[in-house]
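Asker: Residue numbers for the sequence shown, in numbering that gives the first Met the number 0: 0 to 786.
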Amino acid sequence: MSRTSDVSPHEGPRTEAYPTSSHWGSYEVLVEDGKVVGARPDPRDPDPAPLIGNAAGAQHHPARVARPTVRRRWLDGGPGPDPRRGDPDDEYVEVDWDTAAELVAQELGRVHREHGGEAVFGGSYGWGSAGRFHHSQSQLHRFLNTAGGYTRSRATYSHAAVEVLFPHLVGATGAHALLERAPTWPAIAEHTDLIVSFGGLRRSNTWIASGGRAAHTAVPGMRAAAERGLRTVSISPLKDDTIDEMGAEWLPAAPGTDTAVMLALTHVLFEEGLADRAFLDRYTVGADVVRRYVTGETDGVAKTPEWAAPICELPAETLHALARRMAAGRTLVNVGWSVQRVRYGEQPLWAGLALAACLGQIGLPGGGFATGYGSMGRYGGGATPGGLPRFPKGSNPVDRLIPVAHTSEMLLRPGEEFDFDGERLTYPDIRFVAWSGGNPFHHHQDLARLTRAFGRPDTVLVVETHWTATARHADIVLPSTTTLEREDMAASQGDLRLNVMRRAVEPYAEARDEYEIYSAVCARMGLEKDFTEGRTAEEWMRHMYGQWRARQHEMFGADLPAFDDFWEAGGVDLPGRVDDEAMAAFAEFRQDPVGSPLQTPSGRIELFSATIAGFGYADCPGYPIWLPGEERIGSSRSRRWPLLLLANQPQGRLHSQQDMGAYSASLKVQGRAPVRMNPDDAAARGLSDGDLVKVHNDRGSLIAGVRVSDALRPGVAQLSTGAWYDPSAEDVTCAHGNPNALTDVVGTSRLAQGSTGQHVLVEVEAYRGDPPPVRAFTPPVPVPSSS
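1. Let me know the secondary structure DSSP gives Ile429 once reduced to three states.
2. For Thr458, list the residues DSSP reports as bridge partners.
3. Compute the Euclidean distance between the alpha carbons of His158 and Leu741, then round it to the nearest angstrom.
4. State the CB to CB distance for the pair Pro781 and Val232, rounded to an integer number of angstroms; the pair is presumed to be in contact (CB under 8 Å).
5. Nearest-angstrom Cα distance between Asp743 and Arg636?
6. From Tyr378 to Ala557, what does the alpha carbon distance come to, in whole angstroms?
7. Less than 8 Å between the beta carbons of Gly393 and Arg603, yes or no?
8. Alpha helix (DSSP H) containing Gln551: first to last residue?
9. Output needed for Leu102: all residues of its chain with C-beta closer than 8 Å, excluding positions within five of it in sequence on either side, in chain order.
10. Tell me whether the beta-carbon of Thr467 lies closer than 8 Å to the beta-carbon of Ser21.
11. Assuming Pro641 and Glu762 make a contact with CB atoms under 8 Å, what is their CB distance in whole Å?
12. Quick one: residues in its chain with C-beta nearer than 7 Å to the C-beta of Gly37, no 5 flanking neighbours on either side, listed in chain order?
13. DSSP three-state call for Leu644: helix, strand or coil?
14. In chain order, which continuous runs of the alpha helix (DSSP H) of length 4 or greater are located wholly inside the stretch 165-198?
15. If Ile516 sits next to Val462, beta carbons under 8 Å apart, how far is it from one beta carbon to the other, in whole angstroms?
16. With a threshold of 8 Å on Cβ separation, who are the neighbours of His319 within its own chain once the five nearest residues in sequence on each side are excluded?
17. Please confirm whether Leu193 and Thr330 have their CB atoms less than 8 Å apart.
18. Using a threshold of 8 Å, state whether the C-beta atoms of Val195 and Val289 are closer than that.
19. For Thr174, tell me which candidate among Gly768, Pro402, Gln598 and Pro67 has the shortest Cα-Cα distance.
20. When DSSP labels each residue in this structure, what does Thr450 get in the three-state scheme?
21. How far does the beta strand (DSSP E) with Leu29 in it reach, from first residue to last?
22. Report yes if the C-beta distance between Gly371 and Leu178 is below 8 Å; otherwise report no.
23. Measure how close the beta-carbons of Thr464 and Val773 come, nearest whole angstrom, since I'm counting them as under 8 Å.
24. Helix, strand or coil for His465, going by three-state DSSP, please let me know.
25. Hey, out of Glu106, Met245, Gln360 and Gln346, whose CA is closest to His190's CA?
26. In whole angstroms, give me the CA-to-CA distance for Ala186 and Arg230.
27. Can you name the residues that DSSP bridges to His405?
28. Is the distance from the Cβ of Ser152 to the Cβ of Val403 below 8 Å?
29. Measuring only the C-alpha atoms, how far is Pro40 from Met488?
30. Roughly how many angstroms lie between the CA atoms of Leu691 and Gly736, to the nearest whole one?
31. Take Val118 as the anchor and find which of Pro427, Pro82, Val35 and His134 has the nearest alpha-carbon.
32. How many Å lie between Ile803 and Gln757 at the Cα?
33. Tell me which residues share the same chain as Ser374 and place their Cβ nearer than 6 Å to its Cβ, disregarding the 5 neighbours each side in the sequence.
34. Evaluate contact between the stretch 526-539 and the stretch 72-86, counting only Cβ atoms and requiring at least three cross-stretch pairs below 8 Å.
35. Alpha carbon to alpha carbon, what distance is there between Arg698 and Leu107?
36. If contacts are defined as beta-carbon pairs under 8 Å, then Pro456 and Gly116 qualify, I think. What distance do you get, rounded to the angstrom?
What follows is the structure, given as structure tokens:
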């Protein structure tokens, strides 16, 4: 699709529509007189995301970073730790691009000379752009690799437990299949009788996919499957975690008790002879270990539905009946990513796999185990075995890493040891932090602690489009272009099409593409040719497309258009795309477990892992068990903090991106993030819809606006992540409503060390007095360097 004009010059301002792509899908951005004035869905998208309504407001917002800017205290005093880094009243100085590039080159070079590459941390989380070339993480990591290497992070905030645990249980290929080759919704519609989803199937999550989606197919797929008879059971504290058309049966289990529910269901299967012993014997190891645990032979406690009922607050009869229904037909067990973002988050994943194995349907079309439906839009949307064009990151000569959720601990505890995936590692002494395309003050837990952590390095560099909280904690801030200000191409795994992304408007103020920024710094370090390989940005895109095109021809015999034709056409359909009826790796394994073994020590599904057992982790032993966390209804901690707050993914934006946009703003209450409460919980505290409240615990506090809803079970409140962190008020940690002002930095376990920010115990009370203003979107006012 090429640029179109909607209004003739004789009728008023000329409106031009530019097709583009983002992590929330393909759409058209509307431009008048060089300014973005709106957006409209791609007419080919059956379920367009309303997040496109944020585009205009965010593009030209005063929070954009206009020029290279340096924090005054760093500029005057030089590099070094500074506990005042992140002070809302810090002073900044604007400099020219040559000065900025020289400052970065000198400081990065100094740190490498004096401390080595392990003292550099490359903190990009990769969500800055959907483009294949202007991909923030790839650009930053290539730059740091060229400059001499860096300490990296491993795994994601979204599903670290999945990424670390499942290679042990089903091998690397099996773990990849779980995340990338899940049964499609058409396959589910054809083959599946029942889907039991722990953590729901939330619609707003399906609007998001890393790299974007040419078309959102998840919700139409759910509707079609329901029309063909699919039955759904949603085990979630939120009733609206599934679309109405699915007619889901809602089981409002107490949050954090999913493992207890799964163990009880497994107990019924074993005790009533419904477990598929033939499957367990042939395809798994450790089934007897699981059986002995759930029947009580191991510890004297049978994990019956009657045992689970007071824990999960569901009737025992309901659990008995559900287990029998699951065994009576083709059943798909789905464990959403939210379920594992809690203490001991590996356990519901492992228990879910064991439950599915007992049903004996792993590898059958539309059956078995899955993790990710309702967590991201590409999940269940097919696969692209031929891959996508990529900008090469190069090779990192530094072999140091941390789990991504340990960023604050790395900065605060250099030299200390920690456990991770069977290894005893040491936190490096980080002197230089480089961040681009991500906002840890959205993702990370305990933001007051993260602020202290950001005071520890010598220098913090942030390359950003807007003055996010992370940029406000930087010494050097370099303005980056947005996706609408540059040209690129976009697609995600399993996508239908590789789309062209056309520049719609000129760069804001002095913003530059990241490629141009890093090229300039490398030039001052004598490394420009190593970074650019002599190519311009356009030449890199042509090169990437050409390599991908050749690979598609080799793999599939596809005769794709040359780059110029691809660009003129606005995109190309992806060849080799697969709509699997079952996860390919497990289908082959089921047909021949000897000839197509999994990449595990046994070659089979490991319901008991001798490898993990050998690590000696009490918080993640060698088989799935019930480990009750403290951030849970009924725990000793809940006596003081009685409400369980769900910090799930937001409806109005991707993470914290474009929080100032019109759609995101429309969902707020008096300019604050909305906290949903059950009517009984609100009434007990004298609260009404629209009230401002203080949400607090012993770690911090925030201001939010109440939305009363019967879609939540009693005892549970919901405050999504992503409100821009605002520590400017004196009486609360965040005046805007960021729930990570309240969460703890403890990991899921010593195995995966994943984020546990999904659940946190709190109290909610009316906010008294005049609320402080929200200053999150008010950028600093830098002074020219000459003043």
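The beta carbon of each residue, even a glycine, is placed where N, CA and C say it ideally should be.
Answerer: Looking at the atomic coordinates:
1. coil
2. Phe431
3. 20 Å
4. Pro781 to Val232, Cβ: 55 Å. No contact.
5. 13 Å
6. 25 Å
7. no
8. Ala536 to Phe555
9. Val69, Val94 and Ile475
10. no
11. 7 Å
12. Leu29 and Ala55
13. strand
14. 184-190
15. 6 Å
16. Val267 and Pro304
17. yes
18. no
19. Here residue 174 turns out to be Ala, not Thr, going by the sequence shown. Ranking Gly768, Pro402, Gln598 and Pro67 by Cα distance to Ala174 puts Gln598 first.
20. helix
21. Gly24 to Glu31
22. yes
23. Contact flag wrong, Cβ pair sits at about 20 Å.
24. strand
25. Gln360
26. 14 Å
27. None; His405 has no bridge partner.
28. yes
29. 18 Å
30. 10 Å
31. A small fix is needed here, since residue 118 is Ala in this sequence, not Val. Checking every option, the nearest Cα to that of Ala118 belongs to Pro427.
32. The chain is shown from 0 up to 786; residue 803 falls before or after that span and cannot be answered.
33. Asn204, Gly335 and Trp336
34. no
35. 35 Å
36. The pair is not a contact, with the Cβ atoms about 14 Å apart (cut-off 8 Å).
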